[in-house]
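Below you'll find the structure, written out as structure tokens, and then a few comments.
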Amino acid sequence: MNNAVILAGGQGKRMKADIPKPMFKVLGEPMLEWVIKACEGAGINKLCIVKGFMSEMIDEYLNGRYETVLQSERLGTGHAVMQAVPFMKENGGGNTLVLCGDAPFIDSETIKKSLEMHESEGNSITVITAVSENPKGYGRIIRGENGITSIVEEKDATIAQKEIKEINSGAYWFKTADLMEYLGELTTNNSQGEYYLTDSVFIALNKGRRVNAYISENPDVVLGANDRKGLLELNTVARMAVIEKHLENGVEFNCIDGVVIGRDVEIGAGTEIMAGTHLRGKTVIGKNCLIGPNCIIDDCDIKDGVSLNYVQAFKSTIDAGVKIGPWVHIRPGSHIKSGVKIGDFVEIKNSTIGEGTAVAHLTYVGDSDVGKKVNFGCGTVTVNYDGIVKSRCEIGDNCFIGCNTNLIAPVKLGKGVYTAAGTTVTKDVPDYALAIDRGTVQIKEGYSLRKLKKRLEKA
Ligand code: UD1
Ligand code: CA
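In structure tokens, the structure reads:
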């Protein structure tokens with residue numbers, strides 16, 4: 023069965039942070055995750071991740087999703103693959119794909135097409151390569167009359183070899199049994215004193231085995247990040263690729279300043295995304311929406327014709343035609359139903375807001391089930407936390423909540439209930455009733471004048 027070994031033992035010293043390099047994020051996802059997804063997309067589900075530096079971070083991230091193996095000393099890419107020999111023995115009989123955990127743009131198509139070449143030609147090794155105008159730092163592909171003859175690392179290359187533009191992506195298909203044989207024959211006889219996996223090309227050819235290079239149509243497959251600047255470049259490449267995909271799908275962007283869209287986000291045609299907008303996670307946005315400026319939308323399901331302006335929304339559903347903003351926070355577990363209007367300085371948390379309801383300003387609705395066509399006065403608060411437990415509020419259809427109402431949960435307002443401005447509701451209110459909690463206003467005529475007079479007399 024075909025399997026993959028992902029090398030993720032490196033530190034990335036030049037990043038200047040205590041994080042394994044493959045855990046640095048591109049468009050919000052660790053580079054390692056990009057590589058894993060490329061395997062999954064190509065139908066390779068037997069994976070072994072070689073960890074080393076700060077291995078516990080990789081364990082924590084993977085959370086048992088895939089097998090891992092520890093490389094306790096960092097002795098080169100060949101040595102890293104040696105750690106996966108028990109995994110290869112268990113999953114032998116087919117081919118092994120070796121990948122670098124810090125080259126996130128390897129894609130499923132390249133993996134599939136290179137495997138086709140590997141199998142149809144009966145290769146022992148198929149190296150995935152790319153042609154680059156800027157080959158510095160990569161292993162160069164040396165070709166002879168009969169194809170590839172070896173891979174030479176930058177540090178071991180002659181001046182003439184450094185001119186070669188075909189480079190090693192660090193991704194290869196091996197016949198699993200052959201790979202285990204080559205690993206046993208690697209030496210550290212090179213300028214870095216490391217076990218180079220790349221030497222297996224030379225070893226295979228000496229044994230008369232077939233080796234070929236698959237030149238990827240996507241030159242980005244080689245790109246990796248060695249420092250912060252490189253990481254920013256990877257993010258820029260990924261960001262532009264995502265935006266271009268949406269442009270092709272009919273999404274409108276008039277200014278992409280500060281626009282960052284995760285690659286799993288879906289957006290319908292006719293929707294406009296404005297500056298400063300971050301769309302993350304598994305967010306799905308319908309057609310003809312207006313999103314932005316300055317929104318963060320994470321893991322949300324947003325239906326057609328929604329308008330969001332300066333909104334942050336997380337793990338929530340927003341139905342068709344809803345208008346929200348500016349300065350609104352929609353927290354996880356909320357469902358905003360169609361025709362709702364939510365205005366400035368409103369926070370909604372873990373609540374359902376029924377069709378046609380208006381929450382216009384300065385209001386907190388938490389842990390509540392709100393019916394249809396309710397009107398919230400300015401400054402309403404659902405008091406959902408008593409310091410120990412959180413409780414829910416239920417608000418029936420057509421309620422009219424007066425300004426500065428406190429609803430002390432758990433509490434239920436029936437249908438068509440009115441609350442007077444400034445009321446603190448501590449018990450359930452039946453359908454069509456008014457809840458009013460107000461001291462009588464006392465008017466003391468001439469009060470301030472008398473006070474002023476006293477002061478002047480003292481002075
Ligand atoms: C390697 C290739 C080079 C290729 C380049 C592509 C070798 C000798 N050279 O070089 O031909 O052009 O990748 O990016 O293989 N790693 C470990 N343990 C180790 C060493 C490395 O897990 O002991 C991991 C790293 O985390 C990284 C990957 O292997 O994910 C590649 O290692 P790196 O040191 O970046 O190799 P390069 O020198 O870039
Ligand atoms: Ca590298």
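Numbered per the numbering used here, the sequence shown finishes at 481, counting up by one with no gaps. Note that the Cβ used here is the ideal one computed from N, Cα and C, for glycine as well.
What does the Cβ neighbour count give for Glu138, buried or exposed, with the cut at 16 atoms within 10 Å?
Counting from one through the sequence shown, the residue named residue 138 turns up at place 116. It counts as exposed.
For Ala30, is the beta carbon positioned less than 7 Å from some heavy atom of ligand 1?
Numbered from its first residue, the sequence shown carries residue 30 at position 8. For Ala30, the distance from the CB to the nearest heavy atom of ligand 1 is below 7 Å.
Would you mind stating whether Ile181 and Pro157 have Cβ atoms separated by less than 8 Å?
Here residue 181 refers to the residue found at position 159 of the sequence shown. Here residue 157 refers to the residue found at position 135 of the sequence shown. Result no, Cβ atoms of Ile181 and Pro157 do not sit closer than 8 Å.
Would you verify that the beta carbon of Phe75 is, or is not, closer than 8 Å to some beta carbon of chain C?
Given the protein chain composition of this structure (a single chain), no chain C is represented.
Could you check what DSSP says for Val281 in three-state terms: helix, strand or coil?
Start at 1 with the first residue of the sequence shown, and residue 281 comes out as number 259. It is coil, neither helix nor strand.
Distance, Cα to Cα, Asn276 vs Cys322?
Residue 276 sits at position 254 when you count from the first residue of the sequence shown. Residue 322 sits at position 300 when you count from the first residue of the sequence shown. Inter-residue distance for Asn276 and Cys322 is about 23 Å (C-alpha atoms, whole angstroms).
Is the stretch 426-441 in contact with the stretch 453-462, if contact means three or more CB pairs nearer than 8 Å?
yes
Out of Thr258, Val287, Glu255 and Leu256, which has the shortest C-alpha to C-alpha gap to His268?
Taking the sequence shown and counting its residues from 1, the one referred to as residue 268 is at position 246. When each option's Cα is compared against that of His268, the closest is Val287.
What's the C-alpha gap between Arg353 and Arg285?
On the sequence shown, position 331 is the one that residue 353 refers to. On the sequence shown, position 263 is the one that residue 285 refers to. If I take the Cα positions, the gap works out to 22 Å.
What does a CB cutoff of less than 8 Å around Arg460 pick up in its chain, not counting 5 residues either side in sequence?
Locating residue 460 in the sequence shown gives position 438, where the first residue counts as 1. The answer, listed in chain order, is Ala442, Gly444 and Thr445.
Going by the CB atoms, is the gap between Ile278 and Ile289 shorter than 8 Å?
For the purposes of this step, residue 289 is identified with residue 267 of the sequence shown, where counting begins at 1. For the purposes of this step, residue 278 is identified with residue 256 of the sequence shown, where counting begins at 1. Not in contact: Ile289 and Ile278 (Cβ atoms no closer than 8 Å).
In the DSSP assignment, what residue or residues form a beta bridge with Ile28?
The residue given as residue 28 occupies position 6 in the sequence shown. Note: Ile28 sits in a beta bridge opposite Ile71 and Leu121.
For Asn228, report the span of its alpha helix (DSSP H) as first-last.
Position 206 of the sequence shown, counted from the start, is the residue given in the question as residue 228. Unbroken alpha helix (DSSP H) run through Asn228: Asp221 to Asn228.
For Thr2, which of Thr379, Asp242 and Asn211 has the nearest alpha-carbon?
With the chain running from 23 to 481 in the structure shown, residue 2 is simply not present.
What's the call for Ala521, buried or exposed, on a 16-neighbour Cβ count within 10 Å?
Residue numbering for the chain in the displayed model covers 23 to 481; residue 521 lies beyond these limits and cannot be assessed.
Checking 8 Å against the spacing of the C-beta atoms, do Thr299 and Val273 come in under that value?
Counting from one through the sequence shown, the residue named residue 299 turns up at place 277. Counting from one through the sequence shown, the residue named residue 273 turns up at place 251. No, these two residues do not count as a Cβ contact at 8 Å.
Residues in the same chain with beta-carbon distance under 8 Å from Leu84, minus the five sequence neighbours each way, listed in chain order, please.
Counting from 1 along the sequence shown, the entry for residue 84 is found at position 62. Result list for Leu84: Ile71 and Thr90, in chain order.
According to DSSP, what are the bridge partners of Trp195?
What you label residue 195 is simply residue 173 of the sequence shown in a count that begins at 1. Partner(s): Leu119 and Thr148.
Indicate the three-state DSSP secondary structure (helix, strand or coil) for Tyr440 in the structure shown.
As a first step, residue 440 must be located in the sequence shown, where it is residue number 418. Looking at Tyr440 - three-state DSSP - the assignment turns out to be strand.
At 4 residues or longer, what runs of the alpha helix (DSSP H) sit wholly inside the stretch 274-350?
Within the stretch 274-350, no run of alpha helix (DSSP H) reaches 4 residues while sitting entirely inside it.
With 16 as the cutoff for other CB atoms within 10 Å, does Tyr469 come out buried or exposed?
In the sequence shown, the residue the question calls residue 469 occupies position 447. Counting Cβ neighbours within 10 Å, Tyr469 comes out exposed, since fewer than 16 surround it.
So what does DSSP say about Ile181, is it helix, strand or coil?
Residue 181 sits at position 159 when you count from the first residue of the sequence shown. Ile181: helix per DSSP, three-state reduction.
Does DSSP put Ser77 in a helix, a strand or coil?
Taking the sequence shown and counting its residues from 1, one reaches residue 77 at position 55. In the structure shown, Ser77 adopts helical secondary structure according to DSSP, grouped into three states.
Which of helix, strand or coil does DSSP assign to Gly169?
Along the sequence shown, one-based indexing puts residue 169 at 147. Of the three classes helix, strand and coil, the one that applies to Gly169 here is strand, per DSSP.
Figure out for me which residue from Asp366, Val381, Pro348 and Trp349 has the closest Cα to the Cα of Lys359.
In the sequence shown, residue 359 corresponds to position 337, counting from 1. Nearest option by C-alpha distance: Val381.
Just how far apart, CA to CA, sit Phe196 and Ser94?
Counting from one through the sequence shown, the residue named residue 196 turns up at place 174. Counting from one through the sequence shown, the residue named residue 94 turns up at place 72. CA-to-CA, the gap between Phe196 and Ser94 works out to about 24 Å.
Do Asp200 and Ser146 have their CB atoms nearer than 8 Å?
Within the sequence shown, the letter at position 178 stands for residue 200. Within the sequence shown, the letter at position 124 stands for residue 146. Taking 8 Å as the Cβ cut-off, Asp200 and Ser146 qualify as a contacting pair.
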